[in-house]
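>
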Amino acid sequence: MRTNTIALSTCLVLCLTLTPQIVAQDETSPVDELVVLIKDGELQARRDAIHELAKRGLDAKEAVPTLIELLEDNDPQMWYQATVTLGRIGPEAESAIPALIEKMRAHGGQRLIRTAYALSQIGAAAIPALIKQLEGDNERGREGAVRALGGMGPAAAPAIPQLIALLADDDSAIREQAAVTLGGIGTEAEDALSAVLQHESEFVRVGALKALKAIGPQSKEVVGRLHELAKSDSSTQRAATLEVLGTTSVGREQTLSLLVEALSDEDERIRQASVIGLHQSGESAASVVPKIATLLENEDGDTRSTAIETLGLIGPPAHEAVPALIAALQHDAEQPRIVYALSQIGLDGIPALLAAAAENPDNEAFVTTLAAIGGEAGPVLVESLKDADANIRTMAARALGRMSPPPELAVAPLMKRLEDDSNTVRAAAAEALGCCGVIADVAKVPLLKATKDADAAVRSAAMLALTSIGAGIDEMLPLWKEALKDSQADVRRKVLVAVANIGEPASALSAEVLEALSDSDPVVRTHAAQAVGAIGLKDDDAIPPLMERLHDSNPDVQKAVIEAIGTFKDDAEPAVESLTSLVTAEESGVALAAITALGAIGDDAASAVPEVATVLSHENPSHRATAVITLSKIDPDESAHINRMIETLDDDDWSVRREACESLGQFGPTAVTAVPRLFELISVRDDEPDARRALRKIDTARLEDMPVYLETLRAGREPNQVFALHYLGKLGQDAAEVLPELKQLREANKSDRLNEALDKAITALETPPTE
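Mapping of the sequence shown onto numbering that gives the first Met the number 0: position 592 corresponds to residue 591, and the numbering continues sequentially without gaps.
Below you can see the structure in the form of structure tokens.
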């Protein structure tokens, strides 16, 4: 019987080893079986087993000795999951504390963060060891210990003295984390932090203030000190103090006075800190709303902006400021902020907004604001559709349509307004119904009737609305065909917009659309060109009439015609010569459209290369950047193009250099001659991401460029050093002369990421080439 049991166990272990996917699916696998797999299985089986073990949490406590061993594993997934699992086991993993501390001291980055998290979950038993690290000279040990204690919240109170001391640490990251951790401990740390407010070092005092902000001090003594610090000459300290004051209910009257006064400070940091403080003050800030509202008339734009932002953050309690905010809408630069502030104040502002809108019907800001208030404004706006003032009815209808989403309760009232005595109300109602989409499909009949309205604006709005609410194409085509002959240009414009939006299903109107290219109204001609490019006409039918309009007297028409030609891509080859003549047009929009259209045509536009290349010296960077993109698509001479792009990497404008990098990257190894210049650009902040992408795609090294790689390795930032090592590694034994330098750097370096790159490069340089 014993023999059979042993045989069965052996068989089970073997099966688990051979089929690790079964382990991943079988949540009842005993922990000891998973441990066997972790120790003896193939790599994927080990990974699956540790992943399954991590799910068990506290139930995996029997595996703690094995998990401690796995902290030394060479496979990142194994040590990562082992660390995670120890954290999930929690206090029962106390025996892992020394090993975790050791790993935390030895590694930075994510490994330090994960290890600190595991220690935080083990909890109180780890605090003595963590305090020891706080007092030590190992930087990683201090950082990890602070993080670990930060995960324990109030339980980390025994470490308060050491954490206070770390507010003066030489490492700014440790100082910041110490402040966060002290804040997480809560009120028990308040007295100790209060004492630090008199520290000789400003950054220590600021660290204490950040911690107090998280706590929300309740001591009169502490708040009294904060009131004094709020008058400090130091902007940094004063700003931090104002933010803390917003979190306490003690001494509110004096606090609010200080915060309102700070809204007008000349220092932006102070103004923003006061905004934060007032926001954190909650409803109690309502008492100072009148004072804040007076700042909307301040001559200083920054002060006005800060006051507007504050009122929006206070929200509904700031309703007394609505008249002042409405009056301030005359400042165009601040309209978006005012719209947001009024929308946050909400319902209490609607009557005043509607009244102001009635007096200023052309001011879109009122409609935008009413719509931004959201769903709660729906019933009020629906009721306003019955107002005696036509302007108010109009604004209410427009606001309902702009809401996202429009309220369904508005559909029936808006339908009634299609019979309104006012043209503007009927047009606004039709437009709003279109914005409602399919929920307004019941409005089809009255909207069809409205397409015959005596007013052009109503007719055009009804046409567009029918499309939006789901009217069928068969219903719309006859209406559109007739409307394209409407005497009012606005109706013809709106129909062409609808046709362009529908696309190919509207191709039955191709004759009418092409005829509209010669309309007397330039906007109609513009929309006609856009429709031609959208409805799927054959190139033989579309290109000739479009080319006839290439030299239209209106630049907007020209631009739309060129863009329409571009939609035909290589089928637009007959237009290449005409488009080429426009790449240097005086009208910027026309020239840019022509360059872009040539790029869309592609290889068949190769004859335009010389003319487009001259644009690389254009004074406008957008022209130069567009020329780069197009040349990448039409230039058949790769070598000449690469050389041209290398020269363009010296352009004064970042956007042009970005496109040049993108172009070079598209050629891959063929663009290897660009590598030296690209290595220079990865040291330039604006160019770094684009140059990196290009280097990744080229991914080819030349021995003659080795000095460039070495220069980057010696003087570059770590990410760029990794790039340099990657390229050095590609040289293999041809670059063996630099091995001593790489090995010396390996011994002196402490970064895991850079060491990994160094190891790869050293191995590549030492490995003989394969036959």
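C-beta: ideal position from N, C-alpha, C; glycine also.
Note that the structure is predicted; figures quoted are calculated from it, not measured.
1) Quick check on Asp419: buried or exposed, where buried means 16 or more other Cβ atoms within 10 Å of its Cβ?
2) Leaving out the 5 sequence neighbours to the left and right, which residues in its chain are closer than 8 Å to Ala23 when beta-carbon positions are compared?
3) Going by DSSP, what residue range makes up the alpha helix (DSSP H) through Met151?
4) How is His640 classed by DSSP in three states: helix, strand or coil?
5) Just to confirm my understanding: we take Pro768, look at its own chain, exclude 5 residues before and 5 after, and list those with CB closer than 7 Å. What are they?
6) What runs of the alpha helix (DSSP H), each 4 residues or longer, lie entirely inside the stretch 413 to 469?
7) Return helix, strand or coil for Ala700, following the three-state DSSP convention.
8) Going by Cα to Cα distance, which pick from Asp518, Met475, Glu68 and Asp299 is closest to Arg492?
9) Within 10 angstroms of its Cβ, does Val611 collect 16 or more other Cβ (buried), or is it exposed?
10) Among Ser273, Arg110 and Gly135, whose alpha-carbon lies nearest the alpha-carbon of Asp751?
11) Can you tell which of Glu765, Val674 and Arg684 has the C-alpha that lies nearest to the C-alpha of Arg701?
12) Contact check, Ile173 vs Arg141 under 8 Å by CB: the rounded distance?
13) Mind listing, in chain order, the continuous alpha helix (DSSP H) runs of no fewer than 4 residues lying wholly within the stretch 255 to 289?
14) Which word fits Ile472, buried or exposed, when buried means at least 16 other C-beta atoms lie within 10 angstroms of its C-beta?
15) Excluding the 5 residues preceding and the 5 following Leu295 in the sequence, name in chain order all residues of the same chain whose CB lies nearer than 8 Å to its CB.
16) Taking Val222 as the reference, which of Glu199, Ser193, His198 and Ala239 has the closest Cα?
17) Evaluate the contact criterion for the stretch 655 to 663 versus the stretch 616 to 633: three or more CB pairs, one atom per stretch, below 8 Å.
18) Under 7 Å Cβ to Cβ from Ser577, same chain only, skipping five residues before and after it: list those, please.
19) Of the choices Arg336, Gly374 and Ile391, whose alpha-carbon is the least far from that of Leu352?
20) Just to confirm the assignment, what range does the alpha helix (DSSP H) spanning Asp758 have?
21) Apply the 10 Å Cβ neighbour rule to Gln743 and answer buried if 16 or more other Cβ atoms are within range, or exposed otherwise.
22) Buried or exposed: where does Leu724 fall if 16 or more other Cβ atoms within 10 Å of its Cβ makes it buried?
23) Work out the CA separation of Pro335 and Asp361 for me, nearest whole Å.
24) For Ser248 and Met151, what's the separation of their Cα atoms in angstroms?
25) Measure the alpha-carbon distance for Arg713 versus Pro706 and round it to whole angstroms.
26) Taking Ala213 as the reference, which of Glu220, Glu187 and Ser459 has the closest Cα?
27) As a quick exercise: from Ala62, Gly281 and Leu591, pick the residue whose alpha carbon is nearest that of Pro620.
28) Would you mind stating whether Asp569 and Ile534 have Cβ atoms separated by less than 9 Å?
29) On the criterion of 16 or more Cβ atoms from any shown chain inside 10 Å, does Pro688 qualify as buried, or is it exposed?
30) Measure the alpha-carbon distance for Pro64 versus Ala144 and round it to whole angstroms.
31) Give the C-beta separation of Val498 and Leu513 to the nearest angstrom, bearing in mind that I take them to be a contact with Cβ-Cβ under 8 Å.
32) By DSSP, does Val556 sit in helix, in strand, or in coil?
33) Considering only the alpha carbon of each residue, which of Met644, Val614, Ala154 and Val274 lies closest to Asp301?
34) Taking Thr254 as the reference, which of Ala229, Asn719 and Thr450 has the closest Cα?
35) State the Cα-Cα distance for the pair Ala356 and Cys434, rounded to the nearest angstrom.
36) Cα separation between Ile772 and Ala693?
Taking the geometry as given:
1) Numbered from its first residue, the sequence shown carries residue 419 at position 420. Flag for Asp419 reads buried.
2) Stepping through the sequence shown from its first residue, residue 23 is reached at position 24. For Ala23, the pLDDT reaches just 42, beneath the cut-off of 50, and the residue's location in the model is therefore unreliable, leaving the point undetermined.
3) Working through the sequence shown from its first residue, we reach residue 151 at position 152. Careful: Met151 lies outside any alpha helix (DSSP H) and carries neither H nor E.
4) In the sequence shown, counting from the first residue as 1, residue 640 sits at position 641. Here His640 sits in helix by DSSP.
5) Taking the sequence shown and counting its residues from 1, one reaches residue 768 at position 769. Hits under 7 Å: Gly731 and Gln732.
6) If we require 4 residues or more, the alpha helix (DSSP H) runs fully inside the stretch 413 to 469 come out as 422 to 435, 443 to 449 and 455 to 467.
7) Mapped onto the sequence shown, residue 700 falls at position 701. Coil, per DSSP.
8) As a working mapping, residue 492 is identified with position 493 in the sequence shown. Of the candidates Asp518, Met475, Glu68 and Asp299, Asp518 places its Cα closest to the Cα of Arg492.
9) To locate residue 611, count along the sequence shown from 1; it is residue 612. Buried, because 16 or more other Cβ atoms sit within 10 Å of the Cβ of Val611.
10) Position 752 of the sequence shown, counting from 1, holds the residue named residue 751. Checked all of Ser273, Arg110 and Gly135; the closest Cα to Asp751 is Arg110.
11) Taking the first residue of the sequence shown as 1, we reach residue 701 at position 702. Arg701 has its Cα closest to that of Val674, out of Glu765, Val674 and Arg684.
12) By one-based count along the sequence shown, residue 173 stands at place 174. By one-based count along the sequence shown, residue 141 stands at place 142. By a beta-carbon distance limit of 8 Å, Ile173 contacts Arg141. Their separation comes to about 5 Å.
13) Within the stretch 255 to 289, the complete alpha helix (DSSP H) runs of at least 4 residues are 267 to 279.
14) Along the sequence shown, read from residue 1 onward, the residue named residue 472 stands at position 473. Classification for Ile472: exposed.
15) In the sequence shown, counting from the first residue as 1, residue 295 sits at position 296. Only residues of its own chain outside the window of five on either side were considered, and among them Arg303, Ala306, Ile307, Ala320, Ala323, Leu324, Ala326 and Ala327 have a CB closer than 8 Å to the CB of Leu295, listed in chain order.
16) Locating residue 222 in the sequence shown gives position 223, counting from the first residue. Closest option to Val222, Cα to Cα, is Ser193.
17) Counting C-beta pairs with one atom in each stretch, the stretch 655 to 663 and the stretch 616 to 633 have three or more that are closer than 8 Å, which means they touch.
18) The residue given as residue 577 occupies position 578 in the sequence shown. Closer than 7 Å at the Cβ level, and outside the excluded window around Ser577, lie Met546 and Leu549.
19) Within the sequence shown, residue 352 is the residue found at index 353, counting from 1. Of the candidates Arg336, Gly374 and Ile391, the one whose C-alpha sits nearest the C-alpha of Leu352 is Ile391.
20) Numbered from its first residue, the sequence shown carries residue 758 at position 759. Its alpha helix (DSSP H) spans residues Asp751 to Glu765.
21) Within the sequence shown, residue 743 is the residue found at index 744, counting from 1. Exposed.
22) On the sequence shown, position 725 is the one that residue 724 refers to. Using a 10 angstroms sphere on the CB of Leu724, the tally of other CB atoms reaches 16 or more, which defines it as buried.
23) As a first step, residue 361 must be located in the sequence shown, where it is residue number 362. As a first step, residue 335 must be located in the sequence shown, where it is residue number 336. Near 17 Å, if we compare the C-alpha coordinates of Pro335 and Asp361.
24) Within the sequence shown, the letter at position 249 stands for residue 248. Within the sequence shown, the letter at position 152 stands for residue 151. Straight across, the Cα-Cα distance linking Ser248 with Met151 is about 26 Å.
25) Here the question's residue 713 lines up with position 714 in the sequence shown. Here the question's residue 706 lines up with position 707 in the sequence shown. Distance between the alpha carbons of Arg713 and Pro706 is about 10 Å.
26) Position 214 of the sequence shown, counted from the start, is the residue given in the question as residue 213. Measuring from the Cα of Ala213, the nearest candidate turns out to be Glu187.
27) Within the sequence shown, numbered from 1, the residue matching residue 620 stands at position 621. It is Leu591.
28) Position 570 of the sequence shown holds residue 569. Position 535 of the sequence shown holds residue 534. Between Asp569 and Ile534, the C-beta gap is not smaller than 9 Å, which leaves the two residues out of contact.
29) The residue given as residue 688 occupies position 689 in the sequence shown. Pro688 is classed as exposed because its beta carbon has fewer than 16 other beta carbons within 10 Å across all chains shown.
30) Your numbering for residue 64 matches position 65 in the sequence shown. Your numbering for residue 144 matches position 145 in the sequence shown. A direct Cα-to-Cα measurement between Pro64 and Ala144 gives close to 23 Å.
31) Taking the first residue of the sequence shown as position 1, residue 498 is located at position 499. Taking the first residue of the sequence shown as position 1, residue 513 is located at position 514. The Cβ separation is near 12 Å, so there is no contact.
32) Counting from one through the sequence shown, the residue named residue 556 turns up at place 557. In this structure, Val556 counts as helix in the three-state DSSP scheme.
33) Your numbering for residue 301 matches position 302 in the sequence shown. Of the candidates Met644, Val614, Ala154 and Val274, Val274 places its Cα closest to the Cα of Asp301.
34) Position 255 of the sequence shown, counting from 1, holds the residue named residue 254. Checked all of Ala229, Asn719 and Thr450; the closest Cα to Thr254 is Ala229.
35) Locating residue 356 in the sequence shown gives position 357, counting from the first residue. Locating residue 434 in the sequence shown gives position 435, counting from the first residue. The straight-line gap from Cα to Cα measures roughly 20 Å.
36) Summary: the structure shown does not reach residue 772, with the chain confined to residues 0 through 770, and so no result is reported for it.
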